[in-house]
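Read through the structure below, which is laid out as structure tokens, and then see the notes.
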Amino acid sequence: MEKVPMTAAGYDRLQEELKTLKTIERPAIIQAIAEARTHGDLSENAEYHAARERQSFTEGRIMELEDKISRAQIIDVSKLDGDVVKFGATVTLADEETDEESTYQIVGELESDIASGLLSVASPLARAIIGKAVGDQVEVATPRGTRDYEIVSVQFK
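Every letter in the sequence shown is one number past the one before it in our numbering, and letter 93, counting from 1, is 76.
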């Protein structure tokens, strides 16, 4: 069974989503199915079919979350330190072409959200900077071509 690395915050978000699906969504769907059944012929009942489709999606998501949670390897970032980039590090990068700086935290695949600065450990950028230190330069192949970055800082929060 392959472990899924994630931060404690990412684990908590998955737990919260699972709790919401089980305690709020699932009962609401059951109620919607029961209500749709009272409307008569199920073969032509759009509400019934929509509720069943929603139920199928929700049950699939519950199973997926339970699987990921059971395989989670929680990494406590607050206990990490050093100046080398690794899982959990918050890294500031400078684009060598534009001098624009960006800051990302390297997190598990399930918790990544680039708009929030959470970079998946499996992303090309993360793979390129892991193992590097402050001052190192990296070249990353992106959809818009090759980009060169310099690692400005590495922190563990």
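Where a beta carbon is used, it is the ideal one built from N, C-alpha and C, also for glycine.
Legend entry - Any 3 or more C-beta pairs closer than 8 angstroms across the segment 60 to 69 and the segment 124 to 131: no
Legend entry - the segment 41 to 57 / the segment -5 to 6 touching (three or more Cβ pairs under 8 angstroms): yes
Inset, instruction - Taking only the alpha-carbon atoms, compute the straight-line gap between GLU122 and ILE12 and give it to the nearest angstrom. - result: Looking up residue 122 in the sequence shown gives position 139. Looking up residue 12 in the sequence shown gives position 29. GLU122 and ILE12: Cα-Cα distance of roughly 49 angstroms.
Legend entry - Of the listed residues ALA116, SER136 and ARG54, nearest to TYR(-6) (C-alpha basis): Within the sequence shown, residue -6 is the residue found at index 11, counting from 1. The candidate whose alpha carbon is nearest that of TYR(-6) is ARG54.
Inset, instruction - Could you name the residues of the same chain whose beta carbon sits closer than 7 angstroms to that of LYS51, not counting the 5 residues immediately before and after it, in chain order? - result: Locating residue 51 in the sequence shown gives position 68, counting from the first residue. Here the set comprises VAL(-13), LEU(-3) and LEU93.
Inset, instruction - Below 8 angstroms CB to CB, which residues in the same chain sit around ASP78 once its five sequence neighbours on both sides are set aside? - result: Taking the first residue of the sequence shown as 1, we reach residue 78 at position 95. Counting only Cβ-Cβ distances below 8 angstroms, and skipping sequence neighbours, we find GLU84, SER85, ARG130, ASP131 and TYR132.
Inset, instruction - With a cut-off of 8 angstroms on the beta carbons, I'd call ALA105 and ILE57 a contact; round off their distance for me. - result: Residue mapping note: residue 105 aligns to position 122 of the sequence shown, counting from 1. Residue mapping note: residue 57 aligns to position 74 of the sequence shown, counting from 1. That pair is no contact at about 18 angstroms.
Legend entry - Proximity of SER136 and THR81 at Cβ, strictly below 8 angstroms: Within the sequence shown, the letter at position 153 stands for residue 136. Within the sequence shown, the letter at position 98 stands for residue 81. Their beta carbons are not under 8 angstroms apart, which means SER136 does not touch THR81 by this criterion.
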